[in-house]
Amino acid sequence: MTAATTDPATTGPTQPPLLSLEGVDVVLGRGWRANHVLSEVDLKIWPGEIVGLVGETGSGKTTLARTVVGLIRPRKGRVTFHGAQISGLGRTARRRERRSGHVQLVFQDPLRSLDPDLTVAQIVGEGLKIRGGLDRAEIERRAASALAKVGLDPTLLHRTPGQISGGQRQRVSIARALAVDPELLFCDEPVSALDASNRNYILRLLGELRDNLGLPIVIISHDLSSLAGIADRVVVLYRGRIVEDGPVAQVFTAPRHPYTALLMASAPSVQHDRPLTVHQLRRTAADPAAPSAAGACVFAARCPFAVDACAVQPALEPVAEAGADRWSAACHRADEWQPLARERAAQAAR
Amino acid sequence: MSGKPPPDEALHIQDLHITVHDGAAVAVRGITLTVGAGEIVGLVGESGSGKTLACRAALGVLPAGCAVSEGTISFGGQDVTDLSRRGWERLYGTAVGAVFQDPASYLNPNLTVGGQLAEVLRVKQRMARADAHRKTVELFAAVGLHDPERVFHQIPAELSGGMLQRVMIAIAISCDPRLLIADEATTALDVTIQAEIIELLKDLRDQRNLAVLFVSHDLALIRELCDRVVVFYAGEAVETGPVEEIIDRPRHPYTQALLRVASVGDFQRRELRVIPGQPPQMGEDVVGCRFAGRCPAAIDACRSGPIDLLRLGPGHQARCVRAGDPELEAAAEAELAAR
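Just so you know, the protein sequences line up as chains A and B, in that order. Just so it is clear: in the first sequence, position 71 is 71 by our numbering, and no numbers are missing. Take any residue in the second sequence, note its place counting from 1, add 350, and you have its number in our numbering.
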């Protein structure tokens with residue numbers, strides 16, 4: 001399941017992307033409360049791929065997912081799905097698009113996103129009921145088939161979310177999304193509330209859904225090493241901007257953005273052989289002042305390698321390397337900082 | 351393991367049993383563990399394995415319906431098993447401090463964080479207002495908060511999750527306790543912040559000789575921080591030992607399974623392993639090993655009677671009848687080599 005996941009014939013550059021975001025800006029709130037959550041986000045999802053979206057709290061991961069399903073309207077930019085623009089639709093058209101169920105969200109905390117008073121069967125069938133056009137027997141049949149796809153025992157059909165375990169609840173969330181036959185699944189931190197065994201179980205399930213149904217999946221997560229086991233491509237967000245986007249194997253072997261490297265160095269691990277330690281990637285008091293003017297690189301304030309050029313936000317540029325396939329990073333010093341990092345002390349000064 | 355615990359032990363739990371649902375079921379079955387001064391001990395296990403209950407018993411705050419039915423808990427030689435509420439009040443802050451998963455829910459949202467720490471000092475140590483302020487700013491600086499004077503006057507909503515957790519740690523260590531209990535203290539934080547909090551806990555241990563009981567479901571995190579680890583499974587300690595030894599030579603099949611599913615930091619594509627089956631229900635009585643139903647190496651002897659902790663090396667014990675079996679050892683070695 002883990003090897004040879006992307007088939008170039010179906011995901012090659014000749015194939016048009018399924019979902020495409022171009023220059024998307026999202027501002028939440030207005031007036032003095034306006035908060036620029038996403039800036040100039042360019043993202044493409046091709047059919048049949050699993051994309052991992054990582055970033056810290058407040059980096060805009062969830063806003064991105066909500067923008068794609070039409071819960072938030074971008075201020076600028078276009079969101080297109082199957083070549084048709086879905087951003088900036090009128091009210092009725094937007095509702096029709098949402099009810100079509102093309103893109104489905106799976107939320108982080110199933111205990112809060114599932115109605116505690118409904119049974120599993122009702123939760124999974126609800127989307128079909130709202131969409132309409134199906135009789136009760138057909139809804140039940142499709143709900144049962146969605147539950148079978150996630151490997152849930154039919155004896156759980158008449159339990160409520162409070163009566164099943166955490167791992168089972170997350171599978172109900174996924175079944176709920178699958179019931180309406182989506183073409184793209186967005187999972188918002190699907191495993192962060194689970195322990196290691198259940199986490200791997202859910203991630204494997206998502207991998208199987210992609211393999212069996214050809215369903216493209218975006219997984220939002222802060223756990224890089226479990227993403228490495230399943231995703232084909234990883235997209236790193238920092239303060240509303242994509243700072244790196246590329247194939248998992250390449251990004252995690254030689255990250256081009258210092259923030260990606262910091263995330264990798266910070267991830268806990270049972271083995272202790274890291275190419276770079278967190279101390280080599282964190283700013284210290286000894287580092288020269290970073291550019292802090294408005295419009296500076298979003299990461300400059302935390303970046304130990306910031307220079308004067310970083311006073312201007314770098315654009316997402318393709319990585320210049322042989323064999324780099326759809327790999328881009330937004331860093332002025334993408335090819336220069338690695339030797340500098342290795343020269344820094346690996347341990348904290350005491 | 352028996353008799354009077356030596357006084358340099360910050361926490362000693364002896365044969366602890368905890369019942370839930372007003373005594374209807376036993377959730378924790380005979381845990382023995384010790385945290386020495388300046389030592390960081392990790393508790394690891396699945397959700398529902400009883401690690402949080404054991405922790406709460408050690409803090410004297412078991413939820414309603416739960417009770418310690420057998421065993422003793424002591425801090426530095428003082429038995430606290432049947433301590434009164436007032437007795438516990440005297441120990442909080444001075445003998446033991448605690449940090450939990452969600453820092454925002456333990457702070458008053460309407461008061462400044464500095465004021466909340468200063469209040470502790472004024473009540474517990476009878477400090478004057480100005481002294482409490484000064485000590486608070488010192489403590490905030492000690493836990494790595496930038497510009498502590500400014501943070502003093504901020505309310506919880508103005509601080510990030512990582513900063514709030516630092517404030518909680520500052521409150522927990524404000525009266526110089528010997529022991530800090532951290533229950534999933536970094537689970538809700540971003541990885542970069544988590545790494546900083548882990549370092550802070552290590553620094554506090556080095557500077558103050560603080561003992562830490564660190565509860566987590568993530569063996570990878572335990573590996574980063576702890577000196578010793580106790581592996582919980584379905585209310586029992588199934589393996590305990592120095593962390594390097596447990597990671598490099600796990601002897602209990604459950605520990606081996608946990609290691610297989612833990613994060614490995616090489617970011618290579620790998621098969622995501624799972625532990626098949628479910629743990630026994632809380633309170634369910636199982637003859638013999640409680641892991642036998644999920645264990646790939648289970649034999650008849652595993653199900654015939656109670657299984658004792660087997661001593662395997664210095665400080666290393668496992669509750670497995672096959673722990674010394676050469677056949678299993680060879681299989682484990684082969685797996686480690688492949689890792």
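All C-beta atoms, glycine included, are put in the ideal place defined by N, C-alpha and C. None of these values were measured; they are calculated from a predicted model.
Three-state class that DSSP yields for residue i in the structure shown
i, result
"T260 (chain A)", "helix"
"A249 (chain A)", "helix"
"P17 (chain A)", "coil"
"H332 (chain A)", "coil"
"A414 (chain B)", "coil"
"V541 (chain B)", "helix"
"E359 (chain B)", "strand"
"R75 (chain A)", "coil"
"Q364 (chain B)", "strand"
"C645 (chain B)", "coil"
Cα-Cα separation between residue i and residue j, rounded to whole angstroms
i, j, result
"G464 (chain B)", "Q618 (chain B)", "45 Å"
"R610 (chain B)", "R644 (chain B)", "14 Å"
"D372 (chain B)", "L412 (chain B)", "12 Å"
"E126 (chain A)", "L530 (chain B)", "47 Å"
"D153 (chain A)", "L147 (chain A)", "8 Å"
"D650 (chain B)", "S399 (chain B)", "24 Å"
"C187 (chain A)", "Q108 (chain A)", "8 Å"
"T536 (chain B)", "G386 (chain B)", "22 Å"
"L441 (chain B)", "G410 (chain B)", "10 Å"
"V172 (chain A)", "G133 (chain A)", "23 Å"
"A324 (chain A)", "A179 (chain A)", "37 Å"
"I50 (chain A)", "V26 (chain A)", "24 Å"
"G295 (chain A)", "A680 (chain B)", "59 Å"
"D577 (chain B)", "L263 (chain A)", "25 Å"
"A329 (chain A)", "S100 (chain A)", "34 Å"
"A642 (chain B)", "L678 (chain B)", "15 Å"
"K61 (chain A)", "G674 (chain B)", "49 Å"
"S225 (chain A)", "S613 (chain B)", "6 Å"
"L327 (chain B)", "P600 (chain B)", "Examination of residue 327 (chain B) is not possible in this model, given that chain B is present from 351 through 689 alone."
"F582 (chain B)", "V235 (chain A)", "36 Å"
"R669 (chain B)", "L403 (chain B)", "21 Å"
"L185 (chain A)", "A348 (chain A)", "42 Å"
"G633 (chain B)", "G31 (chain A)", "57 Å"
"Q544 (chain B)", "A320 (chain A)", "33 Å"
"L114 (chain A)", "G665 (chain B)", "46 Å"
"M1 (chain A)", "D211 (chain A)", "Reliability fails at M1 (chain A), whose pLDDT of 39 lies under 50, so the model's placement of it is uncertain and no value is given."
"S192 (chain A)", "L203 (chain A)", "11 Å"
"V541 (chain B)", "S59 (chain A)", "13 Å"
Contact belief for residue i with residue j at Cβ below 8 Å, rounded distance in angstroms
i, j, result
"K607 (chain B)", "I596 (chain B)", "The sequence as given places Ala at residue 607 (chain B); Lys does not occur at that position. Rounded, the Cβ-Cβ distance is 13 Å, inconsistent with contact."
"G415 (chain B)", "C525 (chain B)", "Contact doesn't hold; Cβ gap of about 31 Å is too wide."
"L539 (chain B)", "G511 (chain B)", "6 Å"
"P161 (chain A)", "P116 (chain A)", "6 Å"
"A417 (chain B)", "T369 (chain B)", "6 Å"
"W337 (chain A)", "P258 (chain A)", "6 Å"
"C310 (chain A)", "P291 (chain A)", "5 Å"
Within chain A, the residues that residue i reaches when beta carbons sit closer than 8 Å
i, result
"Q544 (chain B)", "S266 and P268"
"I381 (chain B)", "None at all; the shortest Cβ gap to chain A is about 19 Å."
"D567 (chain B)", "As written in the sequence, residue 567 (chain B) is His, which differs from the Asp given in the question. Residues of chain A passing the Cβ test: D195 and A196."
Contacts of residue i in chain B (Cβ-Cβ under 7 Å)
i, result
"E56 (chain A)", "D540 and T542"
"H222 (chain A)", "D540 and V541"
"N200 (chain A)", "V611, L622, R623 and V624"
Neighbouring residues, chain A, relative to residue i (Cβ below 7 Å)
i, result
"S455 (chain B)", "Chain A residues near S455 (chain B): none, gap ~15 Å exceeds 7 Å."
"F617 (chain B)", "L224, S225, A228, F252 and M264"
"I597 (chain B)", "V270"
"A570 (chain B)", "P268, S269 and V270"
"G511 (chain B)", "T57"
"A612 (chain B)", "A196 and V270"
"E589 (chain B)", "Simply none; closest approach about 15 Å."
"E574 (chain B)", "P268"
"L662 (chain B)", "Going along chain A, no residue has its Cβ under 7 Å from L662 (chain B), so there is no contact; the nearest lies around 20 Å."
Contact set between residue i and chain B, taken where Cβ atoms lie within less than 8 Å
i, result
"R204 (chain A)", "L622 and V624"
"G166 (chain A)", "S397"
Proximal chain B residues relative to residue i, where beta-carbon distance stays under 9 Å
i, result
"V278 (chain A)", "T542, A545, E546 and E549"
> Three or more beta-carbon pairs under 8 Å between the region 214 to 232 of chain A and the region 585 to 600 of chain B, yes or no?
Replying inline: no
> Does the count of Cβ pairs from the region 440 to 459 of chain B and the region 388 to 395 of chain B closer than 8 Å reach three?
Replying inline: no
> Does the pairing of the region 563 to 574 of chain B with the region 530 to 539 of chain B give three or more beta-carbon distances under 8 Å?
Replying inline: yes
>> Tell me whether the region 262 to 271 of chain A and the region 568 to 588 of chain B touch, counting them as touching only if at least three CB pairs, one residue from each stretch, are closer than 8 Å.
In response: yes
>> Below 8 Å, how does it come out for the region 28 to 43 of chain A and the region 96 to 113 of chain A: are there three or more Cβ pairs, yes or no?
In response: no
> Touching or not, the region 290 to 305 of chain A and the region 326 to 340 of chain A, by the rule of three or more beta carbon pairs under 8 Å?
Replying inline: yes
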